[in-house]
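Report on the following structure.
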Amino acid sequence: MSIPPLFRCPISLDLFTDPVTLSTGQTYDRSSIEKWLADGNLTCPVTMQKLHDLTMVPNHTLRHLIDQWLLMDAQLDLEHIEWIDRDLSFGTLKNNLQSKDATFATKMETLRKIKNLSRESDTRRHCLIRLGFFPLLLQLLFGSHRVATKFRVEDTEPIEEALNCLLNLSPCTQSVSLNMLKEACSLASMVSLLDQGSMKIKISLCYLVEAISSSLDTKDISLVLGKNCTLLQLLVSLLHQCSDQCVSDAATRAVSGLCTWESNRDNIIKEGGIDGLIRYLSNPDRSCASRALATIELLLELESGKKAVISNQNAVHVLVKMVFRVCDHEGSESAVNSLLIMSYDSLRVREKAISEGIVTQLLLLLQSQSSSRVKTKARLLLKLLRSM
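Position 156, counted from 1, in the sequence shown is what my numbering calls 486; the numbers after and before it change by one each time, with no gaps.
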């Protein structure tokens with residue numbers, strides 16, 4: 331069955347997972363409206379009324395209706411699936427993953443079926459979530475070593491599939507289940523996989539860190555990750571993976587996500603995050619360049635971040651090259667603002683920027699279709715450099 335329009339969030343257009351109602355009477359999914367407000371919007375997305383009261387009231391009635399609909403739909407879906415393939419019933423899939431006697435081939439086939447089901451439709455994905463597949467996959471990946479069915483680090487293929495399944499099941503909405511990562515042994519398992527796993531495993535774990543850091547509901551888990559020095563060191567080392575762009579892109583997204591929360595920023599700077607981001611940007615045509623630049627700009631708000639960027643021998647060269655980017659005005663703004671912050675504090679930075687051709691880059695930027703805000707910052711930087 332398709333999702334009734336009433337059960338879809340007006341922002342994400344996905345099925346509600348945590349519906350909340352604003353003072354305007356409009357209902358949104360909590361994670362979607364929180365992101366909308368965090369981006370600086372102070373209006374109701376549907377009515378465009380100004381929000382004088384940012385209170386979010388949980389819509390328990392709608393949540394109950396969705397739960398009832400999902401249970402009814404799950405039963406119909408189950409009957410339909412079993413009619414096509416009896417090995418696809420949700421109960422059978424769960425038993426295959428939990429069983430000590432299931433063969434490697436059976437577990438792999440089961441994980442592939444779960445992945446396919448989670449991709450086929452929102453309904454089936456939410457059925458898998460409601461029926462407890464998310465915590466089960468977490469337990470298999472990061473659970474206690476005493477759990478007999480837990481995957482071992484060397485079980486590369488099933489771990490890759492299990493992580494794919496996990497990412498398909500909306501991890502940012504699963505705060506209760508993800509609380510297990512606050513436990514030392516579970517977090518150690520995750521760090522071990524990030525250290526010893528295949529490149530696909532490393533990439534998926536980076537996406538998981540990004541997802542955890544993207545929601546206020548999972549903020550406390552993100553802060554736990556941000557205190558783990560080994561985890562941060564591993565992420566930073568992935569930023570230096572020049573030979574594999576997919577890995578360094580994923581690591582950039584993970585580091586950027588962790589930096590969403592102020593408490594994580596100083597730790598990331600201490601573990602070499604600035605140098606890693608500069609190294610990432612030193613390679614041309616990086617798909618996450620704007621995110622890396624925005625993260626550097628954010629870290630420059632801290633004195634430790636400012637010192638780390640200014641002391642990096644390649645930072646000015648890289649940032650100057652990023653000032654005029656035809657297809658990335660956001661990245662240009664972050665590069666200009668970063669150079670402006672650095673130039674106020676350092677004569678060496680101003681001299682280096684001029685020798686790297688910053689004046690030409692700024693003049694090109696002023697003649698482009700960039701926003702007035704970017705151009706204002708470009709003029710401020712030019713004025714600062716004029717004395718040189």
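Cβ coordinates follow ideal geometry from the N, Cα and C atoms, glycine included.
Within 8 Å, strictly: CB atoms of residue i and residue j
i, j, result
"Ile684", "Val639", "no"
"Asp359", "Cys339", "yes"
"Leu367", "Leu384", "yes"
"Val679", "Val653", "no"
"Leu562", "Val539", "no"
"Asp452", "Asp344", "yes"
"Val650", "Val704", "no"
"Leu695", "Val648", "no"
"Leu712", "Leu669", "no"
"Lys636", "Ile671", "yes"
"Gly661", "Leu628", "no"
"Asn613", "Cys559", "no"
"Ser353", "Leu381", "yes"
"Leu470", "Phe420", "no"
"Leu395", "His456", "no"
"Gln398", "Val376", "no"
Residues near residue i by beta carbon distance below 6 Å, same chain, minus five either side
i, result
"Leu517", "Leu511"
"Phe464", "Leu499, Gln504, Ser507"
"Asn426", "Ala432, Thr436, Thr440"
"Pro388", "Val350"
Cβ neighbours of residue i in the same chain (closer than 8 Å, five flanking residues each side left out)
i, result
"Ser634", "Asp596, Ile599, Lys600"
"Tyr537", "Leu497, Ala580, Arg583, Ala584"
"Tyr674", "Leu714"
Rounded Cβ spacing between residue i and residue j (contact assumed at less than 8 Å)
i, j, result
"Leu607", "Thr625", "6 Å"
"Ser543", "Leu493", "Ser543 to Leu493, Cβ: 17 Å. No contact."
"Ser620", "Ser664", "7 Å"
"Leu780", "Lys532", "Absent from the model: residue 780. The displayed extent of the chain is 331 to 718, so no value can be given."
"Met520", "Phe472", "5 Å"
"Ile341", "Ile363", "7 Å"
"Met386", "Val350", "4 Å"
"Leu553", "Ser593", "5 Å"
"Leu524", "Leu535", "5 Å"
"Val274", "Gly602", "Here the chain comprises residues numbered 331 to 718, so residue 274 is not present and cannot be evaluated."
Contacting residues, own chain, Cβ-Cβ under 7 Å from residue i (five flanking each side not counted)
i, result
"Thr347", "Asp359, Ser500, Thr503"
"Ser528", "Thr486, Glu490"
"Cys495", "Leu441, Ile444, Lys445, Ser448, Leu467"
"Leu458", "Ile444, Leu447, Ser448, Leu499"
"Gln691", "Val650, Val653, Phe654"
"Ala708", "Val666, Leu692, Leu695, Leu696"
"Leu632", "Arg595, Asp596, Ile599"
"Glu686", "Val646, His647, Val650"
"Pro488", "Lys437, Met438, Leu441, Phe481"
"Thr548", "Cys502, Ser505, Leu508, Ile542"
"Gln699", "none"
"Asn644", "Ile608, Ser612"
"Arg476", "Note that Arg476 scores 46 on pLDDT, short of 50, meaning its location in the model is unreliable; the coordinates nonetheless yield the value given after this. Contacts found: none."
Practice item. Kindly provide the ranges of any alpha helix (DSSP H) runs that are 4 or more residues long and lie completely inside the stretch 567 to 627, ordered along the chain. Key: Contiguous alpha helix (DSSP H) elements confined to the stretch 567 to 627 occur at 575 to 588, 592 to 600, 603 to 611, taking only those with 4 or more residues.
Review point. At which residue ranges does the stretch 469 to 542 contain complete alpha helix (DSSP H) runs of 4 or more residues, listed in the order of the chain?
Key: List check, alpha helix (DSSP H) in window: 486 to 498, 505 to 508, 514 to 526.
**Study point:** Uninterrupted alpha helix (DSSP H) stretches inside the stretch 423 to 463 (no shorter than 4 residues)
**Key:** Fully enclosed alpha helix (DSSP H) runs of 4 or longer: 434 to 450, 452 to 460.
Practice item. Taking only runs that begin and end inside the stretch 619 to 697, name each unbroken alpha helix (DSSP H) of 4 or more residues, in chain order. Key: Runs of the alpha helix (DSSP H) inside the stretch 619 to 697: 619 to 629, 633 to 641, 645 to 651, 659 to 675, 677 to 685, 688 to 696.
Check your understanding: Hey, which unbroken runs of the beta strand (DSSP E) at 3 residues or more fall wholly within the stretch 381 to 405?
Key -> Listed in chain order, there is nothing to give.
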